[in-house]
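In what follows, a structure is listed as structure tokens, so that the remarks can point back to it.
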Amino acid sequence: MIDVNGVSVGYDDHTIIEDMNFHIEEGEFFGILGPNGSGKTTLFKAMTGLLPLMDGAISLKGRPLHQFSSRELATHIAVLPQISTESFSYEVRETVMLGRYAHQKGFFKGATERDMEVVGKVMEQTGIAPLENRYLHELSGGERQRVFLAQALAQEPKILLLDEPTNHLDLSYQKSLLDLIKSQTINETLTVVAIFHDLNLASLYCDRLLLLDKGKTKLLHHPEEVLKEKHIEEVYHTKVQKQAHPLVAKPQMVIVPEERRTENLILDERYINSSEECIHFNSPFPLKCMSSGIIGAGIGWYSDFINRRVPIDYDSRDYQEDMREYLVHKELDPSLSVGMMTALDLTNMICERFESDGRSVFIMVTAGVGNAMDVSTSYQYDIHSKPGTINTWVFINGNLSDEAYIEAIVTSTEAKVKALHDMEVRDRRNGSLATGTPTDSILIASSQKGKLEPFAGPVTPIGKLIGRGVYEVTKKAIQLYMEKKEGGL
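Per this note's numbering, residue 223 is the first one in the sequence shown, and the count goes up by one each step.
As structure tokens, then:
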């Protein structure tokens with residue numbers, strides 16, 4: 223569809239884009255990225271035919287761009303510029319009809335039945351038909367951008383060039399506009415070339431990305447390859463972190479602010495507040511967590527951690543909402559909290575700090591094994607899930623990678639199972655050694671300060687502390703539970 227071969231372009235004798243080469247397929251959503259001054263706008267102007275080339279050629283379906291007349295080019299390429307805060311006093315339908323100019327013939331160039339049909343179609347597609355008799359200056363920024371998109375689509379172009387299409391638009395309008403444009407690439411095989419400053423939007427909607435650096439190609443590839451921390455940090459000179467989007471297979475980048483120096487506080491028993499109804503660990507700063515809590519499950523940053531005692535016959539139909547209400551009653555923010563439940567007497571909680579070579583972990587466990595089970599035979603039984611039995615909290619004074627979080631859960635689970643085996647805890651249904659209970663929960667929480675811990679397997683420095691700590695604390699918690707049960711407490 224579009225070929226850019228050996229293109230150099232700039233202003234006067236100053237070259238901005240140097241020896242640029244790429245090909246864009248029909249129906250492709252092609253994104254152009256780069257910091258300010260990297261040459262995005264200069265390349266864009268060259269592709270619209272507004273800026274003469276110093277060297278090389280840009281071709282459309284094998285025909286050099288300079289061989290097209292302005293009117294002919296307008297039937298192939300439409301441009302949606304950045305939204306302007308100024309609007310002329312045209313009605314919406316009149317504005318969209320201007321997109322048909324290149325197709326109109328004759329001296330007076332009046333609108334034909336075909337023109338009216340196309341304008342009506344694109345106004346429906348862009349959702350602006352109800353606005354047709356309103357004036358542009360009466361519309362919101364998002365509505366005006368949709369009008370200009372309809373005008374561009376009214377040209378019936380094969381290629382749509384977008385310069386920061388979501389500039390000045392709120393989140394809702396950004397999404398709806400890009401969803402609409404993406405649908406055109408799929409349903410109408412429209413080819414789209416767009417400049418983006420927002421790396422995450424580019425990742426979500428583009429098929430390929432061209433990353434520019436000082437007028438040259440840094441990388442041209444799929445978003446998964448271009449949006450890597452190394453490439454973005456080299457080009458933008460800003461520390462970033464790559465994360466997976468929670469719903470679609472597209473990478474997302476987050477800016478990492480400069481770390482502020484804070485007091486080196488150690489997570490330990492000083493931050494525990496206990497009562498008959500709950501154990502509350504109130505961290506002095508937010509911790510990055512991975513948990514299976516009722517509230518705060520998954521990955522997030524939290525500062526309040528609640529292990530709430532509920533009756534053995536607790537049966538809330540909406541336990542998550544019940545926990546939220548409980549946290550609010552305790553004057554805690556549910557969005558900053560991890561909440562778990564247990565039916566145990568909370569005086570059964572055991573906690574201990576373990577340290578070695580400048581590393582430390584703080585382990586908290588409540589463990590009841592009256593409903594212990596062997597996971598390998600659980601499929602044979604209809605086991606009713608009673609609330610909270612072994613809740614394991616691992617607080618780490620350190621900086622974990624994503625891999626280390628997952629490995630910390632594995633290490634903790636292995637240590638818990640070993641403690642159960644050594645305490646001869648058995649599945650009362652078949653007598654085999656138990657591996658846990660039906661409702662065990664786990665929390666891995668890290669301060670994310672200090673040296674990076676890339677792994678947390680059982681033979682790593684931090685993994686050794688986690689394995690030893692979870693094993694010893696779980697074993698003590700089970701022993702305390704058994705002693706109280708035997709004593710009738």
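A virtual CB, placed ideally from N, CA and C, is assigned to each residue, including glycine.
These figures come from a predicted structure and were not determined experimentally.
Boundaries (first-last residue) of the beta strand (DSSP E) holding residue i
i    : result
E577 : I572 to S578
A300 : I299 to L302
V587 : R581 to A589
I494 : I494 to S496
DSSP three-state assignment for residue i, whether helix, strand or coil
i    : result
N652 : coil
G685 : helix
D544 : helix
K170 : Since the first and last residues shown for the chain are 223 and 711, residue 170 lies out of range.
T270 : helix
M345 : helix
S505 : strand
Y312 : coil
V462 : strand
A416 : strand
F329 : Since pLDDT at F329 reaches only 49, below the 50 mark, its modelled position is unreliable, and the value read off the structure follows with that caveat. Coil, per DSSP.
R336 : helix
M645 : coil
I612 : strand
Q373 : helix
Alpha-carbon spacing of residue i relative to residue j, whole angstroms
i    : j    : result
L554 : G232 : 58 Å
E378 : P274 : 25 Å
G515 : H245 : 49 Å
V226 : M319 : 32 Å
S505 : A678 : 22 Å
L711 : T614 : The predicted model places L711 with a pLDDT of 48, which falls under 50 and marks its position as unreliable; any figure quoted below should be read in that light. Going from the Cα of L711 to the Cα of T614 covers about 22 Å.
Y703 : V476 : 45 Å
F329 : Y323 : For F329, the predicted structure reports a pLDDT of 49, less than 50, and the residue's modelled location is therefore unreliable. A value from the coordinates is still provided. Those two C-alpha atoms are separated by around 12 Å.
Y536 : R368 : 53 Å
V462 : L687 : 30 Å
C428 : L487 : 44 Å
K638 : E629 : 14 Å
T588 : G691 : 14 Å
R530 : I501 : 6 Å
V340 : L426 : 29 Å
A667 : I494 : 15 Å
L642 : T564 : 18 Å
I417 : L469 : 24 Å
D526 : V616 : 14 Å
Y693 : P556 : 30 Å
L558 : S230 : 52 Å
S496 : I572 : 12 Å
L207 : L421 : Given a span of 223 to 711 for the chain in the structure shown, any question on residue 207 remains unanswerable.
I664 : G620 : 18 Å
T460 : A466 : 19 Å
Beta-bridge pairing of residue i - partner residues as DSSP gives them
i    : result
L257 : It is worth fixing the name first, because residue 257 is Pro in this sequence and not Leu. In the DSSP output, where bridge partners are listed per residue, P257 has none listed.
K438 : D435
V226 : F244 and I280
R322 : Beta-bridge pairing links R322 to no other residue.
S215 : Residue 215 lies beyond the residue range present for the chain, which begins at 223 and ends at 711; the question has no answer from this structure.
G675 : The amino acid at residue 675 is misidentified as Gly; the sequence shows Glu. Partner(s): L622.
M562 : N529
S557 : None; S557 has no bridge partner.
R430 : F252
P473 : A466
H236 : Y233
D385 : I417
G658 : M595
R285 : L282
Check: residue i C-beta below 7 Å from any heavy atom of the ligand FAD
i    : result
G284 : Because no ligand of any kind appears in the structure shown, any question about the ligand FAD cannot be addressed here.
Span of the alpha helix (DSSP H), counted from its first residue to its last, around residue i
i    : result
K397 : L393 to N409
I425 : Here residue 425 turns out to be Ser, not Ile, going by the sequence shown. From DSSP, the alpha helix (DSSP H) with S425 extends over L421 to Y427.
V448 : P445 to V448
S362 : Note, S362: premise wrong, no alpha helix (DSSP H); not H, not E.
S598 : Careful: S598 lies outside any alpha helix (DSSP H) and carries neither H nor E.
S292 : S292 to A296
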